[in-house]
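Working notes, structure below.
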Amino acid sequence: MRLGVEAALVDGLLVRGDVELSDGRVVGIGLAAPNGRGIVVPGFVDLQVNGFGGVDFLDADADGYRRAGEALLETGVTAYLPTLITTPEQQLLAAIAEVPDGEARPRVLGLHLEGPFLSPNRLGTHEASARRDPDPALLDRLLDAGPVRLMTLAPELPGAEILIDRLLERGVAVSIGHTDATAAQANAAFDRGARSVTHLFNAMRPFLHRDPGIVGAALARDDVVVSIILDGIHLAPETAKTIWRAARGRTALVTDAITGAGAAEGSYSLGNLDVHVHEGTVRGPDGVLAGSVLTMVEAVRNLLELGVPLEDAVEAATSTPARVLGERELGRLDVGLPADIVVLDDSLGIERVLVAGEVRVTV
Ligand code: ZN
């Protein structure tokens, strides 16, 4: 099947010409096509999705995952990590058990557990009574309950290094977040194998000139991916630009989307918390920011608005987040790779979304 497009984005380079698919894979790029329209880019990869399209992953069943998946596909996401925030153990275990298998579309890459081993001082809207200090036995119970791919934790907590070692041993990527870590504590965690920071600047020790904290540590290194919620609310534009200048090529866009994303304004649940969505902002009862209703294609457009070229903005939504999980083929478009792709029109609207070569969305 030929896509009939004008160009394709291949590892950060725009290659003119049409794209051909066969057996769910890309088999040709740069093929002569006089009247091609639109640009093919890799499908978006979102490392942090709490809920979507009216569905909360903390209490979603198979049908909920299907509905959330369809709404995510409409926004260009072809692979993601359903994300569970800090919640009592029994509720977490039940939610972990509901994660769909490898046949789901978009692809469910496994879970992101954001908690419960977080700083009591940087919880944001996470449920304080469900927060825990590092507890290897609890960690094992969570990892045994289902396919966890990524865990966000606070490395300054007593015994956190044992958790980091165990997570890495079990093939789970470690991200640092909801943390009061100093630069020294953050660097120790990165040296130990943590490879990313969860929503840089939000819910962490602030950056000060003589106390740069985790933010300074992460921006000063070359080997750490920082994720950002680029919704125009979580970060001032100057902050986002500064992050980009320090961490171009290692900044990952995440949505941190909640139930109300891809759905109407109003009240929704985020775990056991009632949150309100109004004019694109999500707040808990105390007024604290509680996730977003951002979609990944909007995040890409917001990055373009900061002056970032399309090639780089797409990487921030595709191969860079994939790298956090150690996935080398995911989030890329090239001959021989699975055809998980998005066709964008001239105004960067989504025209088609394909997973494994199968058309899932057409506009
Ligand atoms: Zn968070």
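Everything in the sequence shown is counted per numbering that gives the first Met the number 0, starting at 0 for the first residue and increasing by one.
Backbone N, C-alpha and C fix where the C-beta goes; we use that ideal spot for every residue, glycine too.
For clarity, every value in this text was computed on a predicted model and none was experimentally measured.
Starting from residue i, follow the beta strand (DSSP E) in both directions and report where the run begins and ends.
{"i": "V171", "result": "Run containing V171: none; DSSP gives neither H nor E here."}
{"i": "L288", "result": "288-291"}
{"i": "R244", "result": "Taken as a continuous stretch (DSSP letters only), R244 belongs to no beta strand (DSSP E), being part of the alpha helix (DSSP H) at 236-245."}
{"i": "A7", "result": "6-9"}
{"i": "L269", "result": "265-269"}
For a quick check, are the C-beta atoms of residue i and residue j less than 9 Å apart?
{"i": "M295", "j": "A316", "result": "yes"}
{"i": "S226", "j": "Q90", "result": "no"}
{"i": "D17", "j": "G3", "result": "yes"}
{"i": "R191", "j": "D164", "result": "yes"}
{"i": "N49", "j": "G283", "result": "no"}
{"i": "A298", "j": "L252", "result": "yes"}
{"i": "L110", "j": "P146", "result": "yes"}
{"i": "T82", "j": "L112", "result": "yes"}
{"i": "V98", "j": "L343", "result": "no"}
{"i": "F43", "j": "V76", "result": "yes"}
{"i": "A219", "j": "P211", "result": "yes"}
{"i": "A78", "j": "P115", "result": "no"}
{"i": "S195", "j": "V214", "result": "no"}
{"i": "P41", "j": "R327", "result": "no"}
{"i": "D333", "j": "D10", "result": "yes"}
{"i": "F51", "j": "A67", "result": "yes"}
Between which two residues does the alpha helix (DSSP H) containing residue i stretch?
{"i": "P135", "result": "135-143"}
{"i": "I213", "result": "212-219"}
{"i": "S318", "result": "318-323"}
{"i": "L309", "result": "309-315"}
9 Å is my cut-off, CB to CB: does residue i come that close to chain B?
{"i": "V147", "result": "Looking at the structure shown, chain B is missing, and only one protein chain is on hand."}
With DSSP as the reference, please indicate the residues paired to residue i in a beta bridge.
{"i": "E113", "result": "I84, T151"}
{"i": "F43", "result": "V76"}
{"i": "D339", "result": "Note: D339 sits in no beta bridge, so no partner."}
{"i": "I28", "result": "V18"}
{"i": "A251", "result": "S226"}
{"i": "L357", "result": "It is Glu, not Leu, that sits at residue 357 in the sequence shown. DSSP output for E357 lists V354 as bridge partner(s)."}
{"i": "Q280", "result": "The residue asked about is misnamed: residue 280 is Thr in this sequence, not Gln. Paired residue(s): H277, S291."}
{"i": "D55", "result": "G50"}
{"i": "V334", "result": "Per DSSP, none; premise fails for V334."}
{"i": "V107", "result": "Y79"}
{"i": "L12", "result": "V9"}
{"i": "A256", "result": "V48, S291"}
{"i": "L272", "result": "L269"}
{"i": "R327", "result": "Bridge partners of R327: none, in fact."}
For this session: Quick one: which unbroken alpha helix (DSSP H) runs of 4-plus residues sit fully inside the stretch 173-211? Chain order, please.
Result: Runs of the alpha helix (DSSP H) inside the stretch 173-211: 182-191.
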